[in-house]
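Note sheet for the following structure.
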């Protein structure tokens with residue numbers, strides 16, 4: 001997990017901007033995001049507009065929404081984290097209080113805000129951002145590995 005910005009106080013409010021870089025990072029985010037947190041991310045939503053003839057047209061638009069989390073689902077097969085809740089960010093296309101599901105995918109940054117960062121959430125965050133570098137010497141060749149706290153293989 002790549003931590004882009006961290007403003008967290010133990011047993012206090014705060015936010016973290018992060019980008020999942022591998023499938024294990026989505027699992028970590030699944031364990032970090034809880035009901036009543038807020039999550040801010042770019043998303044695509046079908047928006048209905050009135051046209052010049054009095055009818056309605058719909059188009060898919062890329063928007064930035066912040067939702068208050070009601071449920072979180074992790075799809076391991078599709079490598080996506082689905083976060084469902086109500087929109088809390090003023091937007092001309094989406095009313096406050098409208099339901100939306102954010103789909104967090106690999107390499108898509110998002111922000112998690114919590115009213116209270118308890119010790120468990122802070123530990124998950126520390127483990128997610130921690131890496132350990134190891135170099136292995138084999139005769140003439142040298143192999144470098146980065147071992148992630150999630151136990152991911154060498155790259």
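Residue numbers (the UniProt record's numbering): 1 to 155. In this text, a Cβ means the ideal position worked out from N, Cα and C, and glycines have one as well.
Query                                                                                               : Result
Residue of 125, 108, 62 minimising C-alpha distance to residue 114                                  : 125
Residue 47 - partner residues in DSSP beta bridges                                                  : 59
Continuous alpha helix (DSSP H) stretch holding residue 89: start and end                           : Taken as a continuous stretch (DSSP letters only), residue 89 belongs to no alpha helix (DSSP H), as it is neither H nor E.
Residue from 29, 97, 69, 7 whose Cα sits closest to the Cα of residue 80                            : 29
Proximity winner among 85, 66, 78, 4, relative to residue 19 (alpha-carbon distances)               : 4
Cβ shell of residue 87 (< 8 angstroms), same chain only, five flanking positions each side left out : 65, 66, 67, 94, 95, 96, 97, 98, 99, 100
Closest Cα partner of residue 117 within the set 41, 2, 32                                          : 32
Where residue 120 sits in the DSSP three-state scheme                                               : helix
Separation of residue 61 from residue 133, as counted between CA atoms                              : At residue 133 the pLDDT is 42, less than 50, meaning the model places this residue with poor confidence and gives no usable figure here.
Alpha carbon of residue 109 to alpha carbon of residue 15, nearest angstrom                         : 13 angstroms
Same chain only: Cβ atoms within 6 angstroms of residue 73, ignoring 5 sequence neighbours per side : 82
6 angstroms Cβ shell around residue 35 - same chain, five flanking residues per side excluded       : 69
Residue 10 beta carbon less than 8 angstroms from that of residue 111                               : no
Burial state of residue 44, where buried means 16 or more other Cβ atoms lie within 10 Å            : exposed
Exposure of residue 26, with buried meaning 16 or more beta-carbon neighbours within 10 Å           : buried
CA nearest to the CA of residue 103, picked from 119, 75, 89                                        : 75
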